[in-house]
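In the UniProt record's numbering, the protein residues as written are 1 to 173.
Positions of the beta carbon are idealized from the N, C-alpha and C atoms, including for glycine.
A quick write-up on the structure given underneath.
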């Protein structure tokens, strides 16, 4: 990674500073490396390495909205030290409503389905489903249905046929 993009994060007193790199990171492993290929195909393993597409959508629920929610609550105060900051984050976590988390997970499901429709592409434009309106009407779903054809098409794209073993999900679709 590019050392000029390193940032120092807050730490407790008398602790060594933690260094974290941001952006400009290259893959740790070259997917064309013969030595790596041999290592991931030994002892019956068949692991395929691929690079993550540039600007790929984030499928981490914390990043999709949960941290934003906590940060907006925490930013209303002015912590003076690390202990105050930790306390404010804990209070923000406690103050985060279940409905906020529900909306976050609905957004995450929308992102997953969009990625499935685009066969893993990184052009992520979410469908606007008026979550706040649905929430007021008490109609915001906990989970979104997935079209069975989309499920099977995605399964075919990411797994070899030998791994297409029926699961409980297959019977639900």
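(message) For a test of the three-state rule: what should DSSP assign to residue 81, helix, strand or coil?
(response) Counted from its first residue, the chain shown places residue 81 at position 81. Here residue 81 sits in coil by DSSP.
(request) Tell me, please, whether the segment 106 to 119 touches the segment 66 to 83 by the rule of three or more beta-carbon pairs shorter than 8 Å. (result) no
(request) State the DSSP-derived secondary structure class of residue 16, mapped to helix, strand or coil. (result) The sequence position of residue 16 within the chain shown is 16, counting from 1. Annotation note: pLDDT 46 at residue 16 (below 50); position unreliable, coordinate value reported separately. Of the three classes helix, strand and coil, the one that applies to residue 16 here is coil, per DSSP.
(message) Going by beta-carbon coordinates alone, are residue 75 and residue 100 separated by less than 9 Å?
(response) Numbered from 1 along the chain shown, position 75 holds the residue referred to as residue 75. Numbered from 1 along the chain shown, position 100 holds the residue referred to as residue 100. It is not a contact, given that the beta carbons lie outside the stated cut-off.
(request) Determine the DSSP secondary structure at residue 128, reduced to helix, strand or coil. (result) The residue labelled residue 128 in the question sits at position 128 within the chain shown. In this structure, residue 128 counts as coil in the three-state DSSP scheme.
(request) Return the first residue and the last residue of the alpha helix (DSSP H) that residue 148 is part of. (result) As a working note, residue 148 is residue 148 in the chain shown. From DSSP, the alpha helix (DSSP H) with residue 148 extends over 148 to 158.
(request) Under 6 Å Cβ to Cβ from residue 118, same chain only, skipping five residues before and after it: list those, please. (result) Taking the first residue of the chain shown as 1, we reach residue 118 at position 118. Once the five neighbours on either side are set aside, residue 118 has no close Cβ partner at all.
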